[in-house]
Amino acid sequence: MAQGPITVNTTVDAPRSATWHYYTESEHVINWNFASEDWHCPAAVNDLRVGGEFRITMAAKDGSMSFDFEGTYNEVEPEHHIAYTLSNGRQVTVDFQEDSAGTDVTVTFDPEKEHSREMQQDGWQSILDNFRKYAEAQERQ
443 MAQGPITVNT TVDAPRSATW HYYTESEHVI NWNFASEDWH CPAAVNDLRV
493 GGEFRITMAA KDGSMSFDFE GTYNEVEPEH HIAYTLSNGR QVTVDFQEDS
543 AGTDVTVTFD PEKEHSREMQ QDGWQSILDN FRKYAEAQER Q
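Using the numbering used here, the letters of the sequence shown correspond one by one to residues 443 to 583.
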């Protein structure tokens, strides 16, 4: 099985500056960073700068499971690009591109070995879809 990077993307009906804000600010991250309605994100700490670290807690609402998603930023180009290394060494990039439909958000990540590529792609896409819904709801307020 090929172990190259996996890419997920979405288009948010919002300007790039707002999309960046909703994606990177902890007070927003806790509202969208989970894959399904039976999970939530009770905590997020984000020091968005090169060398800065983040820690995002994802937990099952029934208390049966939780884990911290954490890493260190390697590149930060405000409103355009983020690159980081997860605590297990995997690399992730996030790119923001504004066009006539809104802002395209593309996340590319190295897969881990425990779960199938399809499961990982579906999970990360679900989180990104939650992000899109949250960001668009914020823009309508």
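For every residue, glycine included, the Cβ atom is placed at its ideal position computed from N, Cα and C.
Should residue i go down as buried or exposed, given a rule of 16 or more other Cβ atoms within 10 Å for buried?
| i | result |
| --- | --- |
| Val-454 | buried |
| Gly-625 | The question about residue 625 has no answer, for the chain in this structure spans 443 to 583. |
Are residue i and residue j touching if we call contact CB-CB under 7 Å?
| i | j | result |
| --- | --- | --- |
| Thr-548 | Thr-527 | no |
| Tyr-522 | Phe-538 | For the record, residue 522 in the displayed sequence is His; it is not Tyr. Contact flag set, yes. |
| Gln-587 | Ile-448 | Outside the displayed range of the chain (443 to 583) lies residue 587, so it cannot be described from this structure. |
| Thr-461 | Ala-577 | yes |
Looking only at its own chain, which residues have a Cβ that is under 8 Å from the Cβ of residue i, when we skip the five neighbours before and after it?
| i | result |
| --- | --- |
| Asn-451 | Asp-546, Val-547, Thr-548, Val-549, Leu-570 |
| Asp-480 | Ala-502, Lys-503, Asp-504 |
| Glu-581 | Asp-455, Ala-456, Ala-460 |
Grab the span of the beta strand (DSSP E) containing residue i for me, first residue to last.
| i | result |
| --- | --- |
| Glu-519 | 508-519 |
| Asn-451 | 448-454 |
| Gln-445 | From DSSP, Gln-445 is part of no beta strand (DSSP E); its letter is neither H nor E. |
| Ala-525 | 523-528 |
DSSP three-state call for residue i: helix, strand or coil?
| i | result |
| --- | --- |
| Trp-474 | coil |
| Asp-571 | helix |
| Gly-493 | coil |
Between which two residues does the alpha helix (DSSP H) containing residue i stretch?
| i | result |
| --- | --- |
| Ala-460 | 458-466 |
Which same chain residues end up closer than 6 Å to residue i when comparing Cβ atoms and leaving out the 5 residues on each side of it in sequence?
| i | result |
| --- | --- |
| Ser-568 | Ala-477 |
Tell me whether residue i counts as near the ligand HEM, meaning its Cβ is closer than 6 Å to at least one heavy atom of that ligand.
| i | result |
| --- | --- |
| Thr-527 | The model on display carries no ligand, and the ligand HEM is accordingly not part of it. |
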